[in-house]
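Numbering (our numbering), first residue to last: 112 to 459.
Remarks on the structure that follows.
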Ligand SMILES: NC(=O)c1ccc[n+]([C@@H]2O[C@H](COP(=O)([O-])OP(=O)(O)OC[C@H]3O[C@@H](n4cnc5c(N)ncnc54)[C@H](O)[C@@H]3O)[C@@H](O)[C@H]2O)c1
């Protein structure tokens with residue numbers, strides 16, 4: 112049976128994603144919304160969405176099974192705990208919250224009230240990330256050495272709450288949490304060390320970009336970079352493995368793979384550079400490599416809510432687990448510590 116889902120926070124993500132998707136959902140009915148801002152409530156009502164005038168009224172409605180929280184980051188914990196105490200299962204927008212202690216209180220509430228509690232890591236359905244995961248998991252270019260993941264824009268950090276520290280602003284919390292989760296979904300959640308540096312080009316209060324290095328216990332490495340002052344974006348993904356490389360220039364593009372089929376070359380045509388000839392850096396030819404593109408994977412973002420409702424029914428594990436939430440947030444906390452220590456590598 113379909114679950115009745117309410118949304119708290121009717122802003123960009125609440126209205127633009129969750130309400131829209133819940134109206135199309137095959138596993139949920141949209142029960143209604145609450146927003147602290149009367150203008151947002153009026154806007155929802157004008158669109159025919161059922162509006163609760165107070166959060167208490169929404170949480171007191173016994174027909175509501177689950178609540179999605181799409182407010183600024185600093186109030187996720189308080190709303191999640193109140194919702195679970197009222198008997199609702201909870202999806203929190205990302206970042207789930209702003210400290211490890213806060214996350215533990217949320218997990219504690221989910222145990223105490225026996226409610227499913229997860230975070231909306233919807234970028235697990237991005238087809239660019241899925242292509243890199245497929246290459247990694249299939250082993251088709253061998254053991255992966257490292258992964259580079261970048262998102263570059265050129266408009267600075269948004270001028271809303273994302274630029275203000277007390278609301279949990281900054282690009283590390285905003286985009287970082289997605290890219291870290293994706294990197295761990297590819298390389299695993301066994302982290303050995305973290306190092307980070309911040310940009311402050313358009314905002315001094317929070318990071319408007321960052322550079323993050325993650326070392327994994329098995330020796331693999333991830334480099335994650337978010338920039339908001341990049342008028343020429345760098346490639347979205349780059350992966351090196353023992354038998355080849357994979358590359359995605361942009362999230363609209365396919366994954367390009369160059370696979371090494373013969374290590375030794377009988378002849379290498381040198382490349383002329385300004386300072387002289389090089390064979391070491393000369394490109395390989397088709398005798399020793401295969402070059403091809405991967406078909407873009409197929410993904411359906413509705414699977415997030417499908418999994419969540421199946422987890423409520425006890426027939427599937429929740430897709431984003433508490434331990435994964437802990438590791439991803441711990442990487443963020445360690446990144447802040449590294450920045451405070453001048454970009455020092457912090458070993459776990
Ligand atoms: N998963 C994604 O792809 C994705 C994308 C964008 C935003 N987000 C996340 O969604 C959340 C909301 O971001 P947004 O861009 O929609 O912000 P937004 O500012 O557009 O909307 C936030 C809404 O929450 C309301 N609000 C604030 N405090 C509230 C409270 N205590 N109770 C009820 N309503 C309250 C505001 O009035 C506003 O309408 C953030 O956590 C953000 O990180 C996720």
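Yeah, the Cβ is synthetic: ideal placement off N, Cα and C, and Gly gets one too.
- Residue 441: member of the alpha helix (DSSP H) spanning 433-451, first to last residue.
- Sequence-distant partners of residue 423 (beyond 5 residues in either direction) whose C-beta falls short of 6 Å from its own C-beta, in its chain, are 200 and 227.
- Residue 362 is not bridged by DSSP to any residue.
- DSSP, read as helix, strand or coil, puts residue 163 in coil.
- At a cut-off of 7 Å, the beta-carbon of residue 175 does not count as near ligand 1: no heavy atom of the ligand is closer than that.
- Of 298, 296 and 317, the smallest CA-CA separation from residue 267 is found for 317.
- Residue 238 carries a helical assignment under DSSP once its states are collapsed to helix, strand and coil.
- Bounds of the beta strand (DSSP E) holding residue 332 are 332-338.
- For residue 255, the enclosing beta strand (DSSP E) stretches over residues 255-263.
- The region 150-164 makes no contact with the region 245-258: fewer than 3 CB pairs, one atom from each, lie closer than 8 Å.
- Annotation for residue 350: the continuous beta strand (DSSP E) segment containing it runs 348-352.
- 8 Å or more divides the Cβ of residue 262 from the Cβ of residue 231.
- Ranked by Cα distance from residue 112, the options 336, 288, 137 and 355 are led by 137.
- Residue 333 sits close to residue 260, with the two beta carbons spaced by under 8 Å.
- Going by beta carbons, residue 241 and residue 408 fall inside the 8 Å limit.
- Rounded to the nearest whole angstrom, the C-alpha separation of residue 312 and residue 181 is 28 Å.
- Rounded to whole angstroms, the gap between the alpha carbons of residue 123 and residue 129 is 9 Å.
- Look at residue 204 here: in three-state DSSP terms it is coil, with no helix or strand label.
- For residue 140, DSSP records a beta bridge to 115.
- With a cutoff of 8 Å on beta-carbon distance, residue 430 and residue 415 are scored as near each other.
- Judged by DSSP secondary structure, residue 293 falls within the alpha helix (DSSP H) whose first and last residues are 288-298.
- Distance from the C-beta of residue 272 to the nearest heavy atom of ligand 1 is below 7 Å.
- Cβ-Cβ distances below 7 Å link residue 282 to 268, 318, 319, 320, 321, 337 and 339 in the same chain, with the five nearest sequence neighbours on each side left out; the list follows chain order.
- Residue 192 is positioned such that its CB atom lies closer than 8 Å to that of residue 220.
- Looking from the CA of residue 455, the closest CA among 398, 306, 384 and 354 belongs to 306.
- A Cβ-Cβ distance of about 15 Å is found for the pair residue 142 and residue 126, leaving them out of contact under the 8 Å criterion.
- Judged by pairs of C-beta atoms under 8 Å, the region 435-443 touches the region 293-300, as three or more such pairs exist.
- The distance from the Cβ of residue 224 to that of residue 195 is about 4 Å, consistent with a contact at the 8 Å cut-off.
- In the three-state reduction of the DSSP assignment, residue 419 falls in the helix class.
- Taking all protein chains in view, the Cβ of residue 342 is surrounded by fewer than 16 other Cβ atoms within 10 Å, so the residue is classified as exposed.
- The C-alpha of residue 325 is placed about 28 Å away from the C-alpha of residue 186.
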